[in-house]
Amino acid sequence: MSQILKKIITRLPPSPTGNLHVGTARTALFNYIFAKQNKGEMLFRLEDTDKARSKVEFEEDILAGLGWLGIDFDQSKMFRQSERGDIYKKYLEKLIADELAYFSKEKVEKEGDRDEVIRFKNSNKKITFRDTVRGDIEFDTTELGDFVIAKSLEEPLYHLTVVVDDFETGVTNVIRGDDHISNTPRQILIQEAMGAPQPIYTHLPLILAPDRSKLSKRHGAVSLIEYKNQGYLPEAMVNYLMLLGWNPGTDQEIFSMSEFLKEFDLNKIQKGGAIFDIVKLNWVNKEYIKKMSDVDFKKNIVDFLPEKIKNKDENLLIKILSVIKERIDKFSDVTNIVEAGELDYFFGMPDLKKEDLIWKEDGADIAKQHLDKVIEILEKIENFSSENIKENLWDYATKQGRGSVLWPMRFALSGQQKSPDPFTLAGILGKKETLERIKKAIDILC
RNA sequence: GGCCCUAUCGUCUAGUGGUUAGGACAACAGGUUUUCAAUCUGUCAACCAGAGUUCGAUUCUCUGUAGGGUCACCA
Numbered sequence: 001m002s003q004i005l006k007k008i009i010t011r012l013p014p015s016p017t018g019n020l021h022v023g024t025a026r027t028a029l030f031n032y033i034f035a036k037q038n039k040g041e042m043l044f045r046l047e048d049t050d051k052a053r054s055k056v057e058f059e060e061d062i063l064a065g066l067g068w069l070g071i072d073f074d075q076s077k078m079f080r081q082s083e084r085g086d087i088y089k090k091y092l093e094k095l096i097a098d099e100l101a102y103f104s105k106e107k108v109e110k111e112g113d114r115d116e117v118i119r120f121k122n123s124n125k126k127i128t129f130r131d132t133v134r135g136d137i138e139f140d141t142t143e144l145g146d147f148v149i150a151k152s153l154e155e156p157l158y159h160l161t162v163v164v165d166d167f168e169t170g171v172t173n174v175i176r177g178d179d180h181i182s183n184t185p186r187q188i189l190i191q192e193a194m195g196a197p198q199p200i201y202t203h204l205p206l207i208l209a210p211d212r213s214k215l216s217k218r219h220g221a222v223s224l225i226e227y228k229n230q231g232y233l234p235e236a237m238v239n240y241l242m243l244l245g246w247n248p249g250t251d252q253e254i255f256s257m258s259e260f261l262k263e264f265d266l267n268k269i270q271k272g273g274a275i276f277d278i279v280k281l282n283w284v285n286k287e288y289i290k291k292m293s294d295v296d297f298k299k300n301i302v303d304f305l306p307e308k309i310k311n312k313d314e315n316l317l318i319k320i321l322s323v324i325k326e327r328i329d330k331f332s333d334v335t336n337i338v339e340a341g342e343l344d345y346f347f348g349m350p351d352l353k354k355e356d357l358i359w360k361e362d363g364a365d366i367a368k369q370h371l372d373k374v375i376e377i378l379e380k381i382e383n384f385s386s387e388n389i390k391e392n393l394w395d396y397a398t399k400q401g402r403g404s405v406l407w408p409m410r411f412a413l414s415g416q417q418k419s420p421d422p423f424t425l426a427g428i429l430g431k432k433e434t435l436e437r438i439k440k441a442i443d444i445l446c
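Numbering (UniProt numbering), first residue to last: 1 to 446.
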C-alpha cells in the first residue's frame, strides 16, 4: 500500500506594513497556483507582530489586490499573528522549559529596546537544506549567535511566529522570495527545537528594478494598486508576473489562469532575478485589450474617460472608443491622448492651416482640385459608411496619387498630423459634417 | 566586510558536450489603405573572464570578476 499523500498546504504571509507589492503579488500567484494544481490549499495570514508599522489600511489593500488578481482563498481561515499571543507564548515557555531558549539581560542601545529579551540557544551547527530552485544550500549557523526570538513572552518576533504558524497550520511548502534564503537556517533551527517538520523550501528569484537592485518605491510604481489605477487589466498583470521567473519552455506568451493551472511547473523556476520591464507589461496589456469585445472595453475604460468624451451620445461614443482602443496600452493612456488634442476632431471643426492641407510638393491648386472632386464623389454616396466611402474614392485616389488626394482629405477632416485614415474619419463624422469640413478646407486653400 | 545566491541578445527567456545558439519585447528598415495606430516581412543583437576535464566546451569543474540578497529587540 502506498503512503497517504499529505495535502499540499502553501501560505501567503504578508506583513501589513505597506500596500501589496508586485513581488508579493507574484509570490502569491505561485503559491496559489501550485497549491491549486495539487488539489491543496493556500493559507493566508497577516504577520503584524510589528505593531508600530502594521496598519489596517494596508491589510485592506493587500486583500483587495489579491481579489483583483483573482486569487481566492478561504477567508475564514485567515488570521492575524497579533491575535495569537497565547499560542506563541505557549511555545516560548516550552522552549524555555526545555532550555532551548532563555531570558537574556541586555544593555539598552536604542530607544524602545528592552533590558531583557528571549534568545534562542543556538547549537552552532551546520545546516543544509534543499531548495527546489537551487539545490542544497549550506549554512554555518555559528555566525547567527543566540538570536532573539521574542522581546518578551507576550511579544514574539518574526522567526518564532513563522515557524509556529507554519507548523500549526500544516504548511508543507514554503514558496517565498529569495531574500528569505538567509532566514531559512534560523527557522530550521527553531523547527528542530520544537520538533516541527521541515517544509519544502522554494525560493523565488527577486523581481528587480531596471538597475538590478531590489525593486522599491524609488523606482516608481511597486504597489499593485498603482497598476490597477493606471488601468492595467488584472489578467495582463497576472500573465506578466507569472512569466517573470518562470516559463513553460514553449513560445507561448499569453496565458489564461486556467492555462497557467495546467502548465505551471514549480520545478522550472529561474535562478536569476528578473527586471520588471514596464514596456513588456504594456505589450501584454495591449494584447489583452485587443482581445476585448467593444462592450467589455467600454465597461472597463469608462472610469478613465474625460468628461468631454463620456458625455457624447451612445453612437458617437462607440465610434470614438474604437479609435481609442487601438491607440492605448492601458486605460489611463486615454487621458494623454485627449490632452494632446489627438481626438479634437471629434469635438468640433478643426483649425486648418493652408500649408498642412497640401501633400508634399503639390501646391494649393492641386489640393483644391482633388478636394472638389472628393466632394463631388461623396455627395453621390447614399450609404455613408467608411467601407462605402473608400470603395467610391479608391479609384480616383489611386489614379491621382493616394497621398495627393487622401492627405488633404484626411487633414481637412482631422486637422491633425496623426489620425485614423480619411475613410474611417468620414464614416464617423457623417456625410453632412464631412462635406462641411472639406468645403471649409477648400475655402482656406483659395 | 562576513555569509548566501546569481551570471545566454538592451529586457524576459529557450537550448545543447558537436546547433546557422531559437523565440518574445524593444530598436531599426521596408510592405500594406497617404499620416498615427494596428498588421506583415526583414535587420541588428547574447553564451562575463581565465584555467582545467575533453577529440571538442556556451554547456561539466575550479578560480576570478561583476551584480544581487542578507547580516534588527522589522518582517
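Note that beta-carbon positions come from the ideal geometry of N, C-alpha and C, so glycine has one too.
Minimum Cα-Cα distance from Glu83 among the listed residues Lys105, Gly67, Arg45 and Ala101 corresponds to Arg45.
Residue pairing by DSSP puts Lys105 in a beta bridge opposite Glu116.
Annotation for Tyr240: Leu281 and Val284 place their beta carbon closer than 6 Å to its own, counting only its chain and skipping 5 residues before and after.
In this structure, Ile225 places its C-beta atom within 8 Å of the C-beta atom of Asn19. Per the Cβ contact rule, the region 340-359 is not in contact with the region 233-251 (fewer than 3 Cβ pairs under 8 Å).
With a 10 Å radius around the Cβ and a threshold of 16 neighbouring Cβ atoms, Asn31 comes out buried. DSSP, reduced to helix, strand and coil, places Phe139 within a strand of the structure shown.
A straight line joining the alpha-carbon of Thr424 with that of Trp407 spans about 13 Å.
Counting other Cβ atoms within 10 Å of its Cβ, Lys286 reaches 16 or more and is therefore classed as buried. Between the C-alpha atoms of Gly70 and Pro234 there is a straight-line separation of about 8 Å. Only residues of its own chain outside the window of five on either side were considered, and among them Tyr102, Phe103 and Ile118 have a CB closer than 8 Å to the CB of Ile96, listed in chain order. Close CB contacts of Phe304 within its chain, under the 8 Å cut and outside five residues either way in sequence, are with Gly231, Phe331, Ser332, Val334 and Thr335 (chain order). Judged by beta-carbon spacing, Thr202 lies beyond the 8 Å limit of Val163, meaning their Cβ atoms are not closer than that value.
In the DSSP secondary-structure assignment, Pro156 is bridged to Ala150. For Asn392, the closest of Ile358, Gly23, Gly415 and Gly427 by C-alpha to C-alpha distance is Gly427.
Selection Asp98, Asp178 and Arg114 evaluated against Ile137 yields Asp178 as nearest (Cα-Cα).
Counting every other CB atom within 10 Å of its CB across the protein chains shown gives Gln81 a total of 16 or more, marking it as buried.
When rounded, the separation of the alpha-carbon atoms in Phe276 and Val238 is 13 Å.
Put simply, of Gln400, Lys319 and Phe255 the residue whose alpha carbon is nearest the alpha carbon of Ser385 is Lys319. For Thr10, the pairing in a beta bridge is given by DSSP as Met42. If you draw a straight line from the Cα of Ala236 to the Cα of Val222, it comes to about 16 Å. Taken in chain order, the whole beta strand (DSSP E) runs of length 3 or more contained in the region 210-270 number zero.
Taking 8 Å as the cut-off, the beta carbon of Leu92 is found closer than this to the beta carbon of Leu153. Checking the DSSP bridge columns, you'll see Arg176 partnered with His203.
Within 10 angstroms of the beta-carbon of Asp265 lie fewer than 16 other beta-carbons, which makes it exposed.
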